[in-house]
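*Asks:*
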Amino acid sequence: MATHLRSVSTTTDPLEDVSLPGWLYHDAEFFAAEQRTFLRAAPQVVCHESEIAEPGEWRSLEYLGESVIVIRGDDGEVRAFANVCRHRGSRLVDGDGGCARVLTCP
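Rendered as structure tokens:
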């Protein structure tokens with residue numbers, strides 16, 4: 138314990154030991170790695186469930202350069218999907234939100 142206290146007391150800039158270097162905040166390659174490692178790999182808050190309270194209600198948003206649909210199913214579950222048709226590649230919905238019993242390819 139005394140050794141630990143001694144090392145803390147001799148530090149001239151304690152934040153230097155716990156801060157990230159400035160270049161990390163504007164480096165495109167580091168940001169891309171952060172997106173792959175953390176942002177795409179973990180659940181993200183995209184809307185409040187009250188915004189899609191009823192079955193069929195949906196919200197559309199851009200997340201990390203991709204269009205995403207968040208929709209409440211008939212079973213009450215909230216699901217998120219890429220806003221793209223699997224076989225044509227076109228957007229399934231336009232706009233910020235709405236209500237649809239079924240999502241179909243345009």
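Count the sequence shown with this note's numbering and you get residues 138 to 243, in order.
Yeah, the Cβ is synthetic: ideal placement off N, Cα and C, and Gly gets one too.
None of the values given here were measured: they were computed from a predicted structure.
1) Got a sec? Which residues, its chain only, sit under 8 Å from arginine 241 by beta carbon, not counting five neighbours each side?
2) Is it the case that the Cβ atoms of glycine 193 and arginine 238 are separated by a distance below 8 Å?
3) Just curious, the beta strand (DSSP E) that alanine 217 is in, first and last residue?
4) Please report the distance separating the alpha-carbon of glycine 226 from that of isoleucine 206.
5) Label serine 197 either buried or exposed according to how many other C-beta atoms from any shown protein chain fall within 10 Å of its C-beta, with 16 as the threshold for buried.
6) Starting from glutamate 171, trace the alpha helix (DSSP H) in both directions and tell me its first and last residue.
*Replies:* According to the data block:
1) The residue asked about is misnamed: residue 241 is threonine in this sequence, not arginine. Counting only Cβ-Cβ distances below 8 Å, and skipping sequence neighbours, we find Leu229.
2) yes
3) 215-219
4) 14 Å
5) buried
6) 165-171
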